[in-house]
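Trainee: Take this structure, written in structure tokens, and hold onto it; I'll ask about it next.
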Amino acid sequence: MLHIELAEQYGAHNYHPLPVVISKAEGVWVWDIEGNRYLDMLSSYSALNQGHRHPKIVQAMKEQLDRVTLTSRAFHNDQMGSFMKLLCEVSQMDKALLMNSGAEAVETAIKAARKWGYRVKGVAKEKAEIIVCENNFHGRTTTIVGFSSEEQYKEDFGPFTPGFVTIKYGDADALAAQINENTVAFLFEPIQGEGGILLPQTGFLSEARRICSENRVLLIADEIQTGLGRTGKMFACEHEGVKPDILVVGKALGGGLYPVSGILASKEIMDLFRPGDHGSTFGGNPLACACGKAALEVLVNEHLPEHANELGEYFLTKLRNIDSPHVKEVRGKGLLIGLEINKESGPARPFCEALSKRGILAKETHEQVIRFAPPLVITREQIDWVLEQVQAVLLEK
Ligand SMILES: *Cc1c(COP(=O)(O)O)cnc(C)c1O
Numbered sequence: 005m006l007h008i009e010l011a012e013q014y015g016a017h018n019y020h021p022l023p024v025v026i027s028k029a030e031g032v033w034v035w036d037i038e039g040n041r042y043l044d045m046l047s048s049y050s051a052l053n054q055g056h057r058h059p060k061i062v063q064a065m066k067e068q069l070d071r072v073t074l075t076s077r078a079f080h081n082d083q084m085g086s087f088m089k090l091l092c093e094v095s096q097m098d099k100a101l102l103m104n105s106g107a108e109a110v111e112t113a114i115k116a117a118r119k120w121g122y123r124v125k126g127v128a129k130e131k132a133e134i135i136v137c138e139n140n141f142h143g144r145t146t147t148i149v150g151f152s153s154e155e156q157y158k159e160d161f162g163p164f165t166p167g168f169v170t171i172k173y174g175d176a177d178a179l180a181a182q183i184n185e186n187t188v189a190f191l192f193e194p195i196q197g198e199g200g201i202l203l204p205q206t207g208f209l210s211e212a213r214r215i216c217s218e219n220r221v222l223l224i225a226d227e228i229q230t231g232l233g234r235t236g237k238m239f240a241c242e243h244e245g246v247k248p249d250i251l252v253v254g255k256a257l258g259g260g261l262y263p264v265s266g267i268l269a270s271k272e273i274m275d276l277f278r279p280g281d282h283g284s285t286f287g288g289n290p291l292a293c294a295c296g297k298a299a300l301e302v303l304v305n306e307h308l309p310e311h312a313n314e315l316g317e318y319f320l321t322k323l324r325n326i327d328s329p330h331v332k333e334v335r336g337k338g339l340l341i342g343l344e345i346n347k348e349s350g351p352a353r354p355f356c357e358a359l360s361k362r363g364i365l366a367k368e369t370h371e372q373v374i375r376f377a378p379p380l381v382i383t384r385e386q387i388d389w390v391l392e393q394v395q396a397v398l399l400e401k
């Protein structure tokens, strides 16, 4: 396998991919270099909610490619304003600040919250604290891995940024107990995707909202993976009617064509940024904005959150009905579903390998969990076909 050997020889080994070499994709399907077809049940960690190469997004980007692609923020461009307006309408927030990768957007949220803490809440200089959760995943920068609870993410990469306090995920009492005069924000994922598709108890989001409001602490929702339709609502916080103070978006905001991320916040928070405080050469570039606008329009016009809600419930119910001794639990919301394999049945990876032989690309997360997160454009018939393959793999093992 030439491509794999080249990648092994010339690339850093910071991933452990399944041995499939993809050379073409469309909608929910990808093809390898030998022409084998697979249904993509990972969607690049939910960056492909609109499906591979959605024609509307491809068209918007092609048109933008023929006009202007990069201006830097030293000048205005004719795409950014209208993209941010749409993004604010879709999220019901006041203002946006655009970045590229998810990790950069999380860093931006941390800076915004700290600045708000010093300027508005009156926290003493250099004392700001942000509460985070065990098992979190917010990206790979040194600051972010510094407050991860995953040893491997941190090992050999210190020293780390101080000012983070960890609580158990979903524990509202612990949240309340850790808040003090220096606490500026609570940063969390409405569902922990990388953590293994972990859902907090119903009511946690609204409890967290209440606790933060009562204590003048900003609620920062990292919806990079759960947002933009994935869980059956445009944003997962909507399941409990919660509006965060800072909303972090990425992944599917670029429709799988281009990295587009950012934070959304109230005017009060966002207007604390002055020229020179923060920036990014590529953040808000016209190609990204044209792409992001089309990506949002597809989500709205094709009712993908509603579709994810309906098909997600169907898929979850059917998966739970599979009677296999290997399955410990099936959990999820919308089309973000985890199937946990019993420890006695070994790790999830061989199950993923068996699925790939049957034309389904899924990836394990955290040893025991198979993640099912197909593009939201998947049909019921395609889900039925996936169910047949999953059932076969769980029965033949
Ligand atoms: C993927 C992800 C990130 C990081 O995004 P990158 O684009 O890989 O930097 C942050 N938070 C969550 C919840 C994610 O799923």
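In terms of the numbering used here, the sequence shown opens at residue 5 and continues consecutively. Backbone N, C-alpha and C define an ideal beta-carbon position, used for all residues, glycine too. On a predicted model such as this, the values are computed, not experimentally measured, just so you know.
Distance check for H243 and V304, CA to CA, integer angstroms please.
Mentor: Taking the straight line joining both Cα atoms gives about 17 Å.
Trainee: In chain order, what residues of the same chain have a beta carbon less than 7 Å from the beta carbon of S86, not counting five sequence neighbours either side?
Mentor: Excluding residues within five positions, the ones whose Cβ falls inside 7 Å are K297.
Trainee: When the Cα atoms are used, what is the spatial distance from P329 to K322?
Mentor: Answer to the nearest angstrom: the Cα atoms are 16 Å apart.
Trainee: Would a C-beta distance cut-off of 8 Å place W33 and D44 closer than the cut-off?
Mentor: Contact: yes.
Trainee: Is the separation between the beta-carbon of P204 and that of Y173 shorter than 8 Å?
Mentor: Going by C-beta atoms, P204 is nearer than 8 Å to Y173.
Trainee: Measure the C-alpha to C-alpha separation of V334 and N325 and round it to an integer number of angstroms.
Mentor: Roughly 10 Å between the two C-alpha positions.
Trainee: How about D226: is its Cβ closer than 7 Å to a heavy atom in ligand 1?
Mentor: Checking the Cβ of D226 against ligand 1 gives yes.
Trainee: Measure the beta-carbon distance from N140 to E211 and round it to whole angstroms, keeping in mind my assumption that it falls under 8 Å.
Mentor: The pair is not a contact, with the Cβ atoms about 18 Å apart (cut-off 8 Å).
Trainee: Less than 7 Å separating the Cβ of G260 from some heavy atom of ligand 1?
Mentor: No.
Trainee: What separation, rounded to the nearest whole angstrom, lies between the Cα atoms of K403 and E12?
Mentor: One cannot answer for residue 403 here, as it falls past the ends of the chain, which runs 5 to 401.
Trainee: Using three-state DSSP, classify K158 as helix, strand or coil.
Mentor: K158 falls in the helix class under three-state DSSP.
Trainee: Hey, would you say the C-beta of F141 is under 7 Å away from at least one heavy atom of ligand 1?
Mentor: Yes; taking the cut-off as 7 Å, the Cβ of F141 has a heavy atom of ligand 1 nearer than that.
Trainee: Taking the runs of the beta strand (DSSP E) that are 3 residues or longer, which of them lie wholly in the region 21 to 73?
Mentor: Listed in chain order, they are 26 to 30, 33 to 36, 41 to 44.
Trainee: Quick one: Cα of K119 to Cα of L222, how far?
Mentor: If you take the alpha carbons of K119 and L222, they lie about 11 Å apart.
Trainee: Starting from the C-beta of A358, find all residues in its chain whose C-beta is less than 8 Å away, skip the five residues before and the five after it, and write them out in chain order.
Mentor: Taken in chain order, the residues that qualify are V397, E400, K401.
Trainee: Given this structure, state the Cα-to-Cα distance separating R220 from F168, to the nearest angstrom.
Mentor: Each residue's alpha carbon lies about 17 Å from the other.
Trainee: Heavy atom of ligand 1 less than 7 Å from the Cβ of S284, yes or no?
Mentor: No - ligand 1 has no heavy atom lying nearer than 7 Å to the Cβ of S284.
Trainee: Can you find at least 3 beta carbon pairs, one from the region 338 to 354 and one from the region 284 to 300, that sit closer than 8 Å?
Mentor: Touching, no, given that fewer than three Cβ pairs across the two stretches are closer than 8 Å.
Trainee: Check whether the region 258 to 278 touches the region 336 to 346, taking contact to mean three or more Cβ pairs, one atom from each stretch, closer than 8 Å.
Mentor: Touching, no.
Trainee: Check whether the Cβ of Q96 sits closer than 7 Å to any heavy atom of ligand 1, and report yes or no.
Mentor: Every heavy atom of ligand 1 is 7 Å or more from the Cβ of Q96, so no.
Trainee: Use the C-beta contact count for I224: other C-beta atoms within 10 angstroms, 16 or more gives buried, fewer gives exposed.
Mentor: It counts as buried.
Trainee: For A225, list the residues DSSP reports as bridge partners.
Mentor: F192, L251, per the DSSP bridge assignment.
Trainee: Assuming V110 and D226 make a contact with CB atoms under 8 Å, what is their CB distance in whole Å?
Mentor: Correct: roughly 6 Å between the Cβ atoms.
Trainee: Please determine whether the Cβ atom of Y49 lies at a distance below 7 Å from any heavy atom of ligand 1.
Mentor: Y49: yes, Cβ under 7 Å from ligand 1.
Trainee: Cβ-heavy atom distance between S105 and ligand 1 below 7 Å?
Mentor: Correct: S105 has its Cβ closer than 7 Å to ligand 1.
Trainee: Need the endpoints of the beta strand (DSSP E) that L90 sits in, please.
Mentor: No beta strand (DSSP E) contains L90, which is instead part of the alpha helix (DSSP H) from 84 to 95.
Trainee: Are the beta-carbon atoms of L257 and A312 separated by less than 8 Å?
Mentor: No, they are not a contact pair.
Trainee: Going by beta carbon distance, what residues of the same chain come within less than 7 Å of K115, once the five residues before and after it are set aside?
Mentor: These residues qualify, in order along the chain: H282.
Trainee: Does the beta-carbon of N53 have 16 or more other beta-carbons within 10 angstroms, so that it is buried, or is it exposed?
Mentor: Buried is the call here.
Trainee: Report the partner residues of F376 according to the DSSP bridge assignment.
Mentor: Note: F376 sits in a beta bridge opposite I341.
Trainee: Would you say the beta carbon of V304 comes nearer than 7 Å to a heavy atom of ligand 1?
Mentor: No - ligand 1 has no heavy atom lying nearer than 7 Å to the Cβ of V304.
Trainee: Taking only three categories from DSSP, how would you classify V149?
Mentor: If DSSP states are grouped into helix, strand and coil, V149 belongs with the helices.
Trainee: Sorry if obvious, but does the Cβ on K337 come closer than 7 Å to a heavy atom of ligand 1?
Mentor: It does not: the Cβ of K337 is nowhere closer than 7 Å to a heavy atom of ligand 1.
Trainee: Can you tell me the Cα-Cα spacing of L202 and L90, whole angstroms?
Mentor: Taking the straight line joining both Cα atoms gives about 30 Å.
Trainee: Might you give, ordered along the chain, the residues of its own chain that have their beta carbon closer than 7 Å to the beta carbon of G200, omitting 5 neighbours on each side?
Mentor: The residues are G342, T369, H370, V373.
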